[in-house]
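Visitor:
Protein chains: 2
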Amino acid sequence: MAKTDYLLKTPKGTKDWADKDMIIRDKIFNTLSNLFKKHGGVTIDTPVFELKEILTGKYGEDSKLIYDLKDQGGEICSLRYDLTVPFARFVASNNISSIKRYHIAKVYRRDQPAMTKGRMREFYQCDFDIAGQYDLMIPDSEILNILIDGLKSLDIEFTVKLNHRKILDGIFEHCGVKEADVRKVSSAVDKLDKSPWEAVEKEMIEEKDQPKEVVDKIGEFVKQKGTIKETLEFLKSKDLENKNAVEGIEEMEVLSNYVEAFEIDKYLSFDLSLARGLDYYTGLIYEAITSASAPPKDVKAKKLKDDEDASAFVGVGSIAAGGRYDKLVGMFGSKSIPCVGISFGVERIFSIIKSKTNLNSVSPNHTDVYVMAFGGGEGWNGFLKERMSIINQLWKQGINAEFLYKNKANIRKQFEGAEKSSAKLAVILGKEEFPQGNVRIKRLGQGEENEGDLVKIEEFVEKVKQQLEEI
Amino acid sequence: MAKTDYLLKTPKGTKDWADKDMIIRDKIFNTLSNLFKKHGGVTIDTPVFELKEILTGKYGEDSKLIYDLKDQGGEICSLRYDLTVPFARFVASNNISSIKRYHIAKVYRRDQPAMTKGRMREFYQCDFDIAGQYDLMIPDSEILNILIDGLKSLDIEFTVKLNHRKILDGIFEHCGVKEADVRKVSSAVDKLDKSPWEAVEKEMIEEKDQPKEVVDKIGEFVKQKGTIKETLEFLKSKDLENKNAVEGIEEMEVLSNYVEAFEIDKYLSFDLSLARGLDYYTGLIYEAITSASAPPKDVKAKKLKDDEDASAFVGVGSIAAGGRYDKLVGMFGSKSIPCVGISFGVERIFSIIKSKTNLNSVSPNHTDVYVMAFGGGEGWNGFLKERMSIINQLWKQGINAEFLYKNKANIRKQFEGAEKSSAKLAVILGKEEFPQGNVRIKRLGQGEENEGDLVKIEEFVEKVKQQLEEI
Numbered sequence: 001m002a003k004t005d006y007l008l009k010t011p012k013g014t015k016d017w018a019d020k021d022m023i024i025r026d027k028i029f030n031t032l033s034n035l036f037k038k039h040g041g042v043t044i045d046t047p048v049f050e051l052k053e054i055l056t057g058k059y060g061e062d063s064k065l066i067y068d069l070k071d072q073g074g075e076i077c078s079l080r081y082d083l084t085v086p087f088a089r090f091v092a093s094n095n096i097s098s099i100k101r102y103h104i105a106k107v108y109r110r111d112q113p114a115m116t117k118g119r120m121r122e123f124y125q126c127d128f129d130i131a132g133q134y135d136l137m138i139p140d141s142e143i144l145n146i147l148i149d150g151l152k153s154l155d156i157e158f159t160v161k162l163n164h165r166k167i168l169d170g171i172f173e174h175c176g177v178k179e180a181d182v183r184k185v186s187s188a189v190d191k192l193d194k195s196p197w198e199a200v201e202k203e204m205i206e207e208k209d210q211p212k213e214v215v216d217k218i219g220e221f222v223k224q225k226g227t228i229k230e231t232l233e234f235l236k237s238k239d240l241e242n243k244n245a246v247e248g249i250e251e252m253e254v255l256s257n258y259v260e261a262f263e264i265d266k267y268l269s270f271d272l273s274l275a276r277g278l279d280y281y282t283g284l285i286y287e288a289i290t291s292a293s294a295p296p297k298d299v300k301a302k303k304l305k306d307d308e309d310a311s312a313f314v315g316v317g318s319i320a321a322g323g324r325y326d327k328l329v330g331m332f333g334s335k336s337i338p339c340v341g342i343s344f345g346v347e348r349i350f351s352i353i354k355s356k357t358n359l360n361s362v363s364p365n366h367t368d369v370y371v372m373a374f375g376g377g378e379g380w381n382g383f384l385k386e387r388m389s390i391i392n393q394l395w396k397q398g399i400n401a402e403f404l405y406k407n408k409a410n411i412r413k414q415f416e417g418a419e420k421s422s423a424k425l426a427v428i429l430g431k432e433e434f435p436q437g438n439v440r441i442k443r444l445g446q447g448e449e450n451e452g453d454l455v456k457i458e459e460f461v462e463k464v465k466q467q468l469e470e471i
Numbered sequence: 472m473a474k475t476d477y478l479l480k481t482p483k484g485t486k487d488w489a490d491k492d493m494i495i496r497d498k499i500f501n502t503l504s505n506l507f508k509k510h511g512g513v514t515i516d517t518p519v520f521e522l523k524e525i526l527t528g529k530y531g532e533d534s535k536l537i538y539d540l541k542d543q544g545g546e547i548c549s550l551r552y553d554l555t556v557p558f559a560r561f562v563a564s565n566n567i568s569s570i571k572r573y574h575i576a577k578v579y580r581r582d583q584p585a586m587t588k589g590r591m592r593e594f595y596q597c598d599f600d601i602a603g604q605y606d607l608m609i610p611d612s613e614i615l616n617i618l619i620d621g622l623k624s625l626d627i628e629f630t631v632k633l634n635h636r637k638i639l640d641g642i643f644e645h646c647g648v649k650e651a652d653v654r655k656v657s658s659a660v661d662k663l664d665k666s667p668w669e670a671v672e673k674e675m676i677e678e679k680d681q682p683k684e685v686v687d688k689i690g691e692f693v694k695q696k697g698t699i700k701e702t703l704e705f706l707k708s709k710d711l712e713n714k715n716a717v718e719g720i721e722e723m724e725v726l727s728n729y730v731e732a733f734e735i736d737k738y739l740s741f742d743l744s745l746a747r748g749l750d751y752y753t754g755l756i757y758e759a760i761t762s763a764s765a766p767p768k769d770v771k772a773k774k775l776k777d778d779e780d781a782s783a784f785v786g787v788g789s790i791a792a793g794g795r796y797d798k799l800v801g802m803f804g805s806k807s808i809p810c811v812g813i814s815f816g817v818e819r820i821f822s823i824i825k826s827k828t829n830l831n832s833v834s835p836n837h838t839d840v841y842v843m844a845f846g847g848g849e850g851w852n853g854f855l856k857e858r859m860s861i862i863n864q865l866w867k868q869g870i871n872a873e874f875l876y877k878n879k880a881n882i883r884k885q886f887e888g889a890e891k892s893s894a895k896l897a898v899i900l901g902k903e904e905f906p907q908g909n910v911r912i913k914r915l916g917q918g919e920e921n922e923g924d925l926v927k928i929e930e931f932v933e934k935v936k937q938q939l940e941e942i
């Protein structure tokens, strides 16, 4: 009996959230919001779409993935691609000199969806950013602290990879990469987490036109990873004279000190292959990866399509990422405000947590009490108005309660309703008992034999409260 | 030093939410979410855009206000115009036979913005809907209960206007309005809350081409308002034989019974002029209005532009609205699921509550403790790593804390930081005291003379917890 000639579905790459998933997701949001508040964060909410010009020139190659609104007269707008550029616009347009803000909201990318990898066209980001002119690496180390505290609170196993854009640029320069080629070489190197060196080497030579000797030199660097101290040792042994590299190394030494004070050094791997896709990073960059989010084994056999790796954010294994971007606010023509931030990828974290959750223990409802009427036979009117009056007394006391929307409610249907709502107690209006001024309070889910307690109507709300507290 | 040639702003009709406004808004969201949960509601989250076909043919004249996404290859999509049609699509596509769902999210209308009236192009709705085949008027009366409980919880003065589409249609038919003219006559009548009868009469005759005698007959009905019982008396005195009217009157009699049981009858006004703009309503309709949201006096003097009244939802005075829509789910080609719901208009409610709030008592931050170092002179290193270590101990115990991101932090700047964050306590690392194993805990905002308590480092976290509990 289909009356429509179109598919009844959500648009490609989007989904409905419902039922138990919402409870699990809200728990993640609450954990992260509380974490952000713990560090002095305030929250903001920006429009889902921005003037198109705001987004232009901020995302490099990925700009092609931006969703535009149709020109229906008036301004030309695009859906936000991330929460970072709208944040920078917010800081610039409100002339803010310092803020720690968090923002949990949806972003939009016209990417090839890969649901199994948690890559959607509409997906959530949970961002925390610190904007302001501060001393070197202090906010950066707090952001790392937040990243690590967050993933630990969510009970996720992870490692955080670190690198520094200045060091990376310095290395490429040192190895002889032309300035115009840095971004494309960088994006090849970034694939080392998923591909062996030989594949990346081949890509740099054949697709990115780099001379063999340049690529060999790059290889000596980007295979290096270890603790911050180890990778600093390695870099110093290379005697880099390049200004960028020297500055980056100095900054990493400062950072090394601070992560010790925060006792988070053991979670960090200083990995010279980490490059990150986005254009706007200028300093420290980082990415948290988890073994739990590695691709299923059969995926490895399949050839990865090129467009399946276009999303810098929700790549395989990456569950949170960020970095320092000191020039983004200044691009909006206002004074320059240095920023550093972290973005948690909710879809991926959600999948990990859901896979570990006993779904039987999760109820999407918050109902505590189900109000029922028991009766039948001649003269039985179903006690509808009486149930309404009784449930209204519960609602007035803030108690979560439901009843069956039937004039004469069948006993079985009422118990089914109570079970569907995961109600803990039934308040029962018996055909004989209720006219005598009593209702019955019965603990649900404990078998048929338990008849419950008969209590006076004047006292039932208090008794319900007591019993709910005891459960 | 502007580097951009475009205006640095949000798109027309949209705004950033930030600072204290976010705290006030979150409080509204929490009040309403808890209310919805109290009535057994579960929450869902649908995509911001839907396939355009899903929205087509659901909103009547208002369809011109729908935002479309640009055709960038692939599906043609539009931003959601309300949460009701996506809900119906959700119910249909997931083959749901019954659900009580709430949804708090943004919707989009290319309307003429009128910020002073709270009419935006991007704005929030808070919806609660009951879908399922139930006995007459039972869910409807619970929805009215929720509407009234919600506005009372938010401490807003209001009246709820009720009407019934079947009665309205029956009246128009009875008065001789042609079926094809019902919607346009209806929309003229709907203006009676803002315009005198003479203006509406003129519009019906001159713009909507209705004969004078038809309009006169309509006038006899639509000026009627009163309690449900009073308006039912009035209708019965008219001896309507029309099938629609008779059915509607019967339903209102049933409702009258139930709202008595819920003790909400005194908030209701059965007003035959209420028509509501949206096409999809089929039964009971309602709208809560507040005197607090009447237009400022100087607005009355200005001539209202036609397009300023295009938004059915956030009309002057209306802060929540809804009704029964039994045929919307069935339009998606699946089985028909009757629905009834309510939508709270957050922007308008927000304005009312904000105007009554003492903003000095609202802080956007949740910071409890500010960690400071006091010192100076020769050999003073600023205790940065020490502050990091101390604050880390607070964070690990879940305490909201901040510190100044400077190597050597000036005392005045630290107090300014603490004040900006509304911190309640300072934990102070003194140049002499700290090396001896002590920190100072000082209650903030109580004047300079209070030096605070000196406590051992091993004990400071516990002492901080104690003091925070006492505040």
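So the protein lines, in turn, are chains A and B. Residue 1 is where the first sequence starts when you use the working numbering, and the numbers rise one by one after that. Residue 472 is where the second sequence starts when you use the working numbering, and the numbers rise one by one after that. Glycine is no exception: its CB is placed at the ideal position from the N, C-alpha and C atoms.
(1) Answer with buried or exposed for Arg80 (chain A), where buried requires no fewer than 16 other C-beta atoms within 10 angstroms of its C-beta.
(2) Among A:Arg165, A:Arg276, A:Gly176, A:Ile23, which one has its Cα closest to the Cα of Thr282 (chain A)?
(3) Going by DSSP in three states, Met115 (chain A) sits in which element: helix, strand or coil?
(4) For Glu678 (chain B), report the span of its alpha helix (DSSP H) as first-last.
(5) Near Asn364 (chain A), what residues of its chain come up, given a Cβ to Cβ distance below 7 Å and the 5 sequence neighbours on each side ignored?
(6) Just reading off the alpha helix (DSSP H) that Ser822 (chain B) is part of, what are its end residues?
(7) Ile720 (chain B) versus chain A: which residues are under 9 Å apart at the beta carbon?
(8) Would you report the Cα separation of Glu449 (chain A) and Ile609 (chain B), rounded to the nearest angstrom?
(9) Between Phe344 (chain A) and chain B, is any beta-carbon pair separated by less than 7 Å?
(10) For Phe344 (chain A) and Leu875 (chain B), what's the separation of their Cα atoms in angstroms?
(11) Can you tell which of B:Glu922, B:Phe733, B:Ile699 has the C-alpha that lies nearest to the C-alpha of Gly719 (chain B)?
(12) Does the region 797-806 of chain B come within contact of the region 645-662 of chain B, defined as at least 3 CB pairs closer than 8 Å?
(13) Taking a Cβ distance cut-off of 7 Å, strictly less, list which residues of the region 828-839 of chain B are near chain A, in chain order.
(14) Whole angstroms is fine: what's the gap from Asn634 (chain B)'s alpha carbon to Met586 (chain B)'s?
(15) Determine, for Thr514 (chain B), whether the minimum Cβ-Cβ distance to residues of chain A falls below 7 Å.
(16) Helix, strand or coil for His574 (chain B)? Go by DSSP, reduced to three states.
(17) Give the DSSP-derived three-state secondary structure of Ala716 (chain B) in the structure shown.
(18) Under a Cβ-count criterion, where at least 16 other Cβ atoms within 10 Å of its own Cβ denotes burial, should Gln868 (chain B) be classed as buried or exposed?
(19) What did DSSP end up calling Met120 (chain A) once you bin it into helix, strand or coil?
(20) Is the CB of Tyr477 (chain B) under 7 Å away from at least one CB in chain A?
(21) Taking 7 Å as the CB-CB limit, is Met22 (chain A) close to chain B?
(22) What did DSSP end up calling Thr485 (chain B) once you bin it into helix, strand or coil?
(23) Between the alpha carbons of Asp68 (chain A) and Glu613 (chain B), how many angstroms are there, rounded?
(24) Going straight from the alpha carbon of Gly226 (chain A) to that of Tyr267 (chain A), what length do you get?
(25) Under a CB-based cut-off of 7 Å, is Pro472 (chain A) close to chain B?
(26) Who are the near neighbours of Ala92 (chain A) in its chain, counting only those whose CB is closer than 6 Å to its CB and skipping five residues on each side?
(27) Go through its chain and collect everything with a Cβ distance to Lys768 (chain B)'s Cβ below 7 Å, but skip five positions before and after it.
(28) Which residues in chain D have a C-beta closer than 7 Å to the C-beta of Ile138 (chain A)? List them in chain order.
(29) Which chain A residues sit within Cβ distance under 8 Å of Lys480 (chain B)?
(30) Work out the CA separation of Asp181 (chain A) and Ile820 (chain B) for me, nearest whole Å.
(31) Name, please, each residue of chain B whose Cβ falls closer than 7 Å to the Cβ of Thr14 (chain A).
(32) What residues in its chain sit with their C-beta under 8 Å from that of Lys303 (chain A), if we drop five residues either side in the sequence?
(33) Buried or exposed, going by whether 16 or more other CB atoms sit within 10 Å of the CB of Arg858 (chain B)?
(34) Counting only C-beta atoms, is Ala199 (chain A) closer than 7 Å to chain B at any point?
(35) In chain A, what lies closer than 9 Å to Ala732 (chain B) by C-beta?
(36) Could you tell me which chain A residues have their CB closer than 8 Å to the CB of Gln543 (chain B), listed as they occur along the chain?
Guide: Reading from the atomic positions:
(1) buried
(2) A:Arg165
(3) helix
(4) No residue range can be given for Glu678 (chain B), since it is assigned to no alpha helix (DSSP H) and is classified by DSSP as neither H nor E.
(5) The displayed chain sequence assigns Pro, not Asn, to residue 364 (chain A). Answer for Pro364 (chain A): Asp19, Lys20, Met22, Ile23, listed in chain order.
(6) 817-827
(7) Result: empty, since nearest Cβ-Cβ is about 19 Å, beyond 9 Å.
(8) Looking at the two C-alpha atoms, the distance is approximately 31 Å.
(9) no
(10) 25 Å
(11) B:Ile699
(12) no
(13) Answer set for the region 828-839 of chain B: Pro835, Asn836, His837, Thr838.
(14) Between Asn634 (chain B) and Met586 (chain B), the alpha-carbon positions lie close to 29 Å from each other.
(15) yes
(16) Three-state result, His574 (chain B): strand.
(17) helix
(18) exposed
(19) coil
(20) yes
(21) yes
(22) coil
(23) Rounded to whole angstroms, the gap between the alpha carbons of Asp68 (chain A) and Glu613 (chain B) is 42 Å.
(24) Cα to Cα, Gly226 (chain A) sits roughly 11 Å from Tyr267 (chain A).
(25) Residue coverage of chain A in this structure runs from 1 to 471, which leaves residue 472 (chain A) outside it and unanswerable.
(26) Val329, Phe332, Ser334
(27) At Lys768 (chain B), the pLDDT of 43 sits below 50, so the modelled position is not reliable; the number obtained from the coordinates is stated separately. Hits under 7 Å: none found.
(28) This model lacks chain D altogether, as its protein chains are A and B.
(29) Near Lys480 (chain B) (Cβ distances below 8 Å), the residues of chain A are Leu51, Ser93.
(30) 54 Å
(31) Residues of chain B passing the Cβ test: Pro518.
(32) Residue placement at Lys303 (chain A) cannot be trusted, given a pLDDT of 41 that sits under 50; what the coordinates show is reported in the next sentence. No residues qualify anywhere along the chain.
(33) That one is buried.
(34) no
(35) Leu384, Lys385, Glu386, Arg387, Met388, Ser389, Asn392
(36) Tyr67, Asp68, Arg110
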